[in-house]
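Trainee:
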Amino acid sequence: MGWELSHNVSKDPDRIEQRYTVPMPVNPLVPFGDVRGVSLDRVGVAQAHTPSALVAGEGEQGVQTEWDADSLDSAVDWLEAHAFYLNKLSYDMAAIKTELGGDQALAGDGSLGGFGNAKLLAQEHNKLYGSTEQGLRSLSESLYAAADALREVKRKYEDAEHANTMSAQEMQQAFANAARGDSGKD
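In this note's numbering, each number is its position in the sequence shown, counted from 1, plus 175.
1. Can the beta-carbon of ALA258 be found less than 8 Å from the beta-carbon of SER315?
2. Using three-state DSSP, classify SER227 as helix, strand or coil.
3. May I have the straight-line CA-CA distance separating ASN202 from THR307, to the nearest angstrom?
4. Using the Cβ count rule (16 or more neighbours within 10 Å means buried), how would you classify LEU303?
5. Tell me whether ARG312, by its Cβ, gets closer than 7 Å to a heavy atom of the ligand NAD.
6. Taking the DSSP output, what are the residues bridged to LEU215?
7. With contact counted as at least three CB pairs below 8 Å, one residue from each stretch, are the region 207-215 and the region 189-196 in contact?
8. Can you look up GLU345 in the DSSP assignment and give me helix, strand or coil?
9. Exposed or buried, what is HIS300 when buried is set at 16 or more other beta-carbons lying within 10 Å of its beta-carbon?
10. Please determine if the region 325-335 and the region 284-292 are in contact, where contact requires at least 3 C-beta pairs separated by less than 8 Å.
11. Below 8 Å CB to CB, which residues in the same chain sit around LEU325 once its five sequence neighbours on both sides are set aside?
12. Alpha helix (DSSP H) containing ALA270: first to last residue?
13. First and last residue of the alpha helix (DSSP H) that includes GLY277?
14. When DSSP builds the beta bridges, which residues end up paired with ASP209?
The following block contains the structure:
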């Protein structure tokens, strides 16, 4: 017989369910009330994993971490195309409101009828329609803002590339001057 005070009874590797062999008092001054076990999720580094979809397979390139001006341009185009679509969709969805009975449904004259629950349902439909319409417009504005920000990043990227090119040319000139014995100062 061992002197173990507790043992893990969980069959789930991501869960700890520790049961105490001897009841543990909650407070030594209070004779009643004791703890018979503890349950918790195992949330350590050992449980962390990378989804297989994010890991490049054998012979695959993996995630591209380098960017160039062309890839930034295509990202801007993608953002603007989706922003345009969502903005257009937010205005084109007026047909949905018409199908739901429009403002007449809120007054009880819609396709659901005029009884109390029909009016409540029409109000909920109207709230959902309004929040969806506003959400699409907000998302569209955010995508346009992201496209503008990315365009600014591209501009700064090109400016930095230009500055680096100039520095390299200046360095090459300095080496050429040094090779000729010219200090470059007049």
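Ideal placement from N, C-alpha and C gives every residue a C-beta, glycine not left out.
Mentor: Taking the definition as stated:
1. Counted from its first residue, the sequence shown places residue 258 at position 83. Counted from its first residue, the sequence shown places residue 315 at position 140. Yes, Cβ-Cβ distance for ALA258 and SER315 is below 8 Å.
2. For this step, residue 227 is matched to residue 52 along the sequence shown. Helix, per DSSP.
3. To locate residue 202, count along the sequence shown from 1; it is residue 27. To locate residue 307, count along the sequence shown from 1; it is residue 132. Taking the straight line from one Cα to the other gives about 54 Å.
4. To locate residue 303, count along the sequence shown from 1; it is residue 128. The residue in question, LEU303, is exposed, as its Cβ has fewer than 16 Cβ neighbours within 10 Å.
5. Ligands in the displayed structure: none, and consequently the ligand NAD is not present.
6. Within the sequence shown, the letter at position 40 stands for residue 215. According to DSSP, LEU215 bridges with ILE191.
7. yes
8. For the purposes of this step, residue 345 is taken as the residue at position 170 of the sequence shown. If DSSP states are grouped into helix, strand and coil, GLU345 belongs with the helices.
9. Here residue 300 refers to the residue found at position 125 when the sequence shown is read from its first residue. So HIS300 counts as buried.
10. no
11. The residue given as residue 325 occupies position 150 in the sequence shown. Taken in chain order, the residues that qualify are LEU247, ALA250, VAL251, LEU254.
12. Within the sequence shown, numbered from 1, the residue matching residue 270 stands at position 95. Unbroken alpha helix (DSSP H) run through ALA270: 269-274.
13. Along the sequence shown, read from residue 1 onward, the residue named residue 277 stands at position 102. First-last of the alpha helix (DSSP H) with GLY277: 277-281.
14. Taking the sequence shown and counting its residues from 1, the one referred to as residue 209 is at position 34. DSSP lists PRO200 as partners of ASP209.
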